[in-house]
Structures are given as C-alpha cells and as structure tokens.
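K.L.:
Once you've had a glance at the structure underneath, I'll fire off some questions.
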Amino acid sequence: MSKYYKFILLFFCGFAITFSPAQPIKRTEVPMEINIGVGPAFHHLPKELIGDAFFIGGFALELYAVIPPALLKEHREKVPAQYRKNISLDHVMLLRPFWLSLIPHRLIVHPTKELEVWGANWSFFSWAWNAQITDALKVQAKILLPNISYLQVESPVIEKDKIRLWALGLAPALNITWNPLKFLHINASWEHQLYLPLTLNKYKPKEANRLALTQHGIASLVFHWRIPSSAKI
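With the working numbering applied, the sequence shown covers 325 to 557.
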C-alpha cells in the first residue's frame, strides 16, 4: 500500500528527485492521510426534465490524499522551483491521481416507478479560497473545472420514453466544514453546475432548447474519514 500512496505524493506534488546510478538516494518516510468521504447528495434538476420533483436523490464520493502543511514546509526543497509559488504552506493540500478522477464524485440514483433518473458528475480540478472561522470550522468557496455530467431520464413530462444527456461546464461551490474529531470532517456543500448548451444529444428542433441540460444544483452532506498512513519520498 505504501507504493500506492507514494505515487499520489509524487504525481501531484511534482516532487523532483534526480536519480544517479553512482550515488544512492536516501528516502524519508513521511506521514500523510487518506480521505474517504461518503454521504447523501440531493440534485435539483430542471422541471422540464423531471416535472414537479424538487430534489432527486443520490450520493457523494470523495477520495484523495491529505498532505499536511508541516510536511510541505519540511520538504519544500523537493518541489520544483517553478511550482513552489503555487503551493500554500498554511493549508492542507488535497491530492488525487488523474485515474481516481475518473470515478464520479456525485451520483444520481432514483429508480422509482413514476420517475427514473440515473446520473453521474465528474470534476477534475478546483481552485479554492478558504476562511478559517474557528479551529474546527472552515468556510470554503471554490470553482470546479471542468465538470462533465451524464443524465438518463425516464419521466412523464418527456415525450420520449427515455433520454440521455451529456453536459460540459464548470461549478461554483460553497462548502462549510466542521471537524468534531481529528479523524472525522463533516462537510455541507452546495454546487451549482453551469453547462454549455451542447449538441451531443439528438432532439427534434423544437425540443433542443427545452431539453438541453444547462444547469443543475447539488446539495450534499459528506462525512470524511481520515485514515493515517505514510509514504517514502
């Protein structure tokens, strides 16, 4: 497992190590944490797609490595100079390899008889601004970019039996995080997905604008479990 965590650190922090066959490299074991976040998510979709249903159920899944500020300060010299100005030494860094980004961070699961909705949302990068209110309470505003969404809907308000939608865009988000325990962080968030009006979906001309997925909101409550680990760099 340590090799897996080492990959996360090396891939995202850009730790640069020059290998020399004549001189062995001394590696240091450093502490880190693995975050597993799960919880319910509630999707607010356009009424043209789902009718009068206000929220559609689903769940959230967030997986990443947590790099503490002390580790960044202690091993700052291992980060390439061109990247150091982009790394904050006062906040934890949340990192994940690209292949882990292929797992959706929000899912829609709503298989009822009257309304059947399935969906997934992928997010690859984010830019965040943090405000530490107390030691245990933090408010964060961020932008997720790019966002890709898939939606499959079977609804009484749609003329077709079933439609499938793809959408591409970005999402401003507001998070409130409470840390009641060192290993447990509880996060309440609202994401508002804003999408480009794509033409990937085939409709009759009169349906194109009505059924295009241009925005939807996601409210979620995620319980983040922090598991202590270590890696050699």
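Beta carbons are placed, not taken as given, at the ideal position from N, Cα and C, and that holds for glycine.
Label residue 465 either buried or exposed according to how many other C-beta atoms from any shown protein chain fall within 10 Å of its C-beta, with 16 as the threshold for buried.
P.N.:
Residue 465 is exposed by the Cβ-count criterion.
K.L.:
Please state whether the Cβ-Cβ distance between residue 493 and residue 519 is less than 7 Å.
P.N.:
Yes, they are a contact pair.
K.L.:
Could you check what DSSP says for residue 358 in three-state terms: helix, strand or coil?
P.N.:
Strand.
K.L.:
Quick one: is residue 361 buried, meaning 16 or more other Cβ sit within 10 Å of its Cβ, or exposed?
P.N.:
Answer is buried; the Cβ neighbour count reaches 16.
K.L.:
Just to confirm my understanding: we take residue 375, look at its own chain, exclude 5 residues before and 5 after, and list those with CB closer than 8 Å. What are they?
P.N.:
Within the same chain, residue 375 has close Cβ partners 439, 479, 480 and 481.
K.L.:
Less than 7 Å between C-beta atoms, sequence neighbours within five positions excluded: which residues of the same chain meet that for residue 496?
P.N.:
Around residue 496: 467 and 516.
K.L.:
Output the boundary residues of the alpha helix (DSSP H) element that contains residue 394.
P.N.:
393 to 398 is the span of the alpha helix (DSSP H), which, as asked, contains residue 394.
K.L.:
Counting C-beta neighbours from all protein chains within 10 Å, is the total for residue 401 16 or more, i.e. buried, or is it exposed?
P.N.:
With fewer than 16 Cβ atoms within 10 Å of its Cβ, residue 401 is classed as exposed.
K.L.:
May I ask you to verify whether the segment 448 to 455 touches the segment 375 to 387, counting CB pairs closer than 8 Å and requiring at least 3?
P.N.:
Touching, no, given that fewer than three Cβ pairs across the two stretches are closer than 8 Å.
K.L.:
Can you tell me the Cβ-Cβ gap for residue 548 and residue 511, rounded? I've got them flagged as a contact below 8 Å.
P.N.:
Their Cβ separation, rounded to whole angstroms, is 6 Å, which keeps residue 548 and residue 511 in contact under 8 Å.
K.L.:
Quick check on the burial criterion: 16 or more other C-beta atoms within 10 angstroms. Buried or exposed for residue 353?
P.N.:
Answer is exposed; the Cβ neighbour count stays below 16.
K.L.:
Can the beta-carbon of residue 450 be found closer than 7 Å to that of residue 471?
P.N.:
No, Cβ-Cβ distance for residue 450 and residue 471 is not below 7 Å.
K.L.:
Nearest to residue 351 by alpha carbon, out of 399, 358 and 380?
P.N.:
When each option's Cα is compared against that of residue 351, the closest is 399.
K.L.:
My guess is that residue 382 and residue 432 are in contact by the Cβ rule of under 8 Å, so how many angstroms apart are they, rounded?
P.N.:
So it is a contact: roughly 4 Å between Cβ atoms.
K.L.:
Could you please give me the residues that DSSP links to residue 511 through a beta bridge?
P.N.:
DSSP lists 501 and 546 as partners of residue 511.
K.L.:
Determine the contact status of residue 553 and residue 427, defining contact as a CB-CB distance below 7 Å.
P.N.:
Going by C-beta atoms, residue 553 is not nearer than 7 Å to residue 427.
K.L.:
Just to confirm, are residue 418 and residue 396 a CB contact at a threshold of 7 Å?
P.N.:
Contact: no.
K.L.:
Kindly indicate which residue of 489, 422 and 368 has the alpha-carbon position closest to the one of residue 544.
P.N.:
Nearest C-alpha to residue 544: 368.
K.L.:
From what residue to what residue does the alpha helix (DSSP H) around residue 468 run?
P.N.:
Counting along the chain, residue 468 falls outside any alpha helix (DSSP H), though it belongs to the beta strand (DSSP E) covering 461 to 478.
K.L.:
If you reduce the DSSP assignment to three classes, tell me which class residue 556 lands in.
P.N.:
Residue 556 falls in the strand class under three-state DSSP.
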